[in-house]
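Following: one structure in structure tokens, then a few remarks.
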Amino acid sequence: LGSGKIMQAKQLAPVSVIIPCLNCEDTIGRALNSVSRQTWQPKEVILTADDGSTDQTLSILQELRSSLGSSWIKILDLGKNNGPSAARNAGWNVAAQPYLAFLDADDAWHPRKVEIQLKYMQDHPEIAITGHRWSWLRKEEDPFPLQDPYTIKPVTKRMMLVSNRLPTSTVMLKSDLDFRFEPAKSHSEDYLIWLRIICSKYKASYIDLDLAYSYKAPYGSSGLSSQLWAMERGELDTYRRLCDEQLISRPTVVALGAFSLAKYMQRVAISKLRMRR
């Protein structure tokens, strides 16, 4: 448990930002601009792209690199689309900085995100991974003002098993951790790697500030039951893998599975109500 005060600053940050880029011509500018406006600007941004995009993503990336600065923005052409896990792994493998931060191409950050999160991790070197709150914003909405002071809490194994407290666009971690995303897993792949890290006794913390923004509705923008079921299957598969790796017990998997299915039914109900509005 800790606390912090928001302070003004401007400096380069030893952080590599990884953004997978596929069919994101309409959103990548917003995401990348939110990185360039950081009070502590990351030393490098790695845009992992491929030729699977059916829009003008690659040319947009090149234009943004020219306008925002070629010295700190790197475009990593993967050649083909192997999914977001492989894209994040590719960026991780070439990252040159001691800290990594992940951002989805359709999300954005508060300008103080890197400053607040990195300063905490530098002041607490025992912490391997951190996350924070995020907000769902409609395009016309302004971000919420940050509360000051704010709290910082530990993220325990039990807390993470009940619910993923670390959405991908909120995560910062030490780049030398010997973990990677599961390439063949397409749903709950982020939940799996964060749980593997925390179940392996690495310490995690949660910053109680809205430092990231999503512009699509929770549980997917479409709200389709088939999409929600794919997400649910991914979560159940995550628990099974952890059990196979002896990181959690079989009775724990059964209990978590029942709880997860109850959450899935609630999400379906919420999504149906949202589609009727």
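The sequence shown runs contiguously to residue 277 in our numbering. Note that beta-carbon positions come from the ideal geometry of N, C-alpha and C, so glycine has one too.
Delimiting residues of the alpha helix (DSSP H) encompassing residue i
i: L195; result: 189-199
Span of the beta strand (DSSP E), counted from its first residue to its last, around residue i
i: Q11; result: 11-21
i: R203; result: According to the sequence displayed, residue 203 carries Lys and not Arg. 203-214 is the extent of the beta strand (DSSP E) around K203.
i: L173; result: 172-174
Cβ distance (whole Å) where residue i is taken to contact residue j below 8 angstroms
i: R267; j: L228; result: 6 angstroms
i: P143; j: L137; result: 7 angstroms
i: V114; j: Q38; result: 5 angstroms
i: K203; j: I116; result: Actually they do not touch by this definition, with Cβ atoms about 18 angstroms apart.
i: L177; j: I198; result: Their Cβ separation, rounded to whole angstroms, is 11 angstroms, which puts L177 and I198 out of contact at 8 angstroms.
i: L195; j: T151; result: Actually they do not touch by this definition, with Cβ atoms about 23 angstroms apart.
i: D55; j: N89; result: Contact doesn't hold; Cβ gap of about 24 angstroms is too wide.
i: L161; j: I270; result: L161 to I270, Cβ: 22 angstroms. No contact.
i: L192; j: R241; result: 6 angstroms
i: Y213; j: K139; result: Between K139 and Y213 the Cβ distance is about 11 angstroms, and since that is not below 8 angstroms, they are no contact.
i: G65; j: L211; result: Residue 65 is actually Arg in this sequence, not Gly. Between L211 and R65 the Cβ distance is about 25 angstroms, and since that is not below 8 angstroms, they are no contact.
Exposed unless 16 or more other CB atoms sit within 10 angstroms - verdict on residue i
i: G280; result: What is shown of the chain runs 1 to 277, which leaves residue 280 out entirely.
i: Q122; result: exposed
i: K263; result: exposed
i: V254; result: exposed
i: L261; result: exposed
i: S221; result: Any reading at S221 needs caution, since the residue's pLDDT is 49, under 50, leaving its predicted position unreliable; the model's value is listed next. Exposed.
i: N93; result: exposed
i: D148; result: exposed
i: S16; result: buried
i: L273; result: exposed
i: R301; result: The requested residue 301 is not part of the displayed model; the chain covers only 1 to 277.
i: D190; result: buried
i: P167; result: buried
i: I18; result: buried
i: R233; result: exposed
i: E63; result: exposed
i: E235; result: buried
i: Y259; result: Reading off the sequence shown, one finds Phe at residue 259, where the question assumed Tyr. When all chains shown are included, F259 counts as exposed.
i: A13; result: buried
i: P125; result: exposed
i: C21; result: buried
Below-8 angstroms beta-carbon distance, residue i vs any chain B residue
i: G79; result: Reference to chain B is not applicable here, since this structure consists of a single protein chain.
Could you tell me whether the segment 40-53 touches the segment 78-92, using the rule of 3 or more Cβ pairs below 8 angstroms?
Yes: the two stretches touch, three or more of their Cβ pairs being nearer than 8 angstroms.
Would you be able to state if there are at least three C-beta pairs under 8 angstroms between the segment 92-102 and the segment 166-183?
Yes, the segment 166-183 is in contact with the segment 92-102.
Per the contact definition of three or more C-beta pairs closer than 8 angstroms, is the segment 17-36 in contact with the segment 105-116?
Flag = yes, the segment 105-116 and the segment 17-36 touch.
At least 3 beta-carbon pairs within less than 8 angstroms: the segment 120-135 vs the segment 201-210
Cβ pair count under 8 angstroms is three or more, so yes.
Specify whether the segment 85-94 and the segment 179-194 touch according to this definition: at least 3 beta carbon pairs, one from each stretch, less than 8 angstroms apart.
Contact holds between the segment 85-94 and the segment 179-194, because three or more Cβ pairs, one in each stretch, are under 8 angstroms apart.
Any alpha helix (DSSP H) of 4 or more consecutive residues that is wholly inside the segment 78-156
Secondary structure in the segment 78-156: the alpha helix (DSSP H) runs of 4 residues or longer, each lying completely within the stretch, are 84-94, 113-123 in chain order.
Unbroken beta strand (DSSP E) runs of length 3 or more, entirely within the segment 19-77: which are they?
Those beta strand (DSSP E) runs which fall completely within the segment 19-77 and span 3+ residues are 40-49, 73-77.
Three or more C-beta pairs under 8 angstroms: does that hold for the segment 34-46 against the segment 66-73?
Three or more Cβ pairs closer than 8 angstroms define a contact, and the segment 34-46 meets that threshold against the segment 66-73.
Segment contact, 8 angstroms Cβ cut-off, at least three pairs: the segment 54-72 with the segment 147-163
The segment 54-72 and the segment 147-163 do not touch, with fewer than 3 CB-CB distances between them shorter than 8 angstroms.
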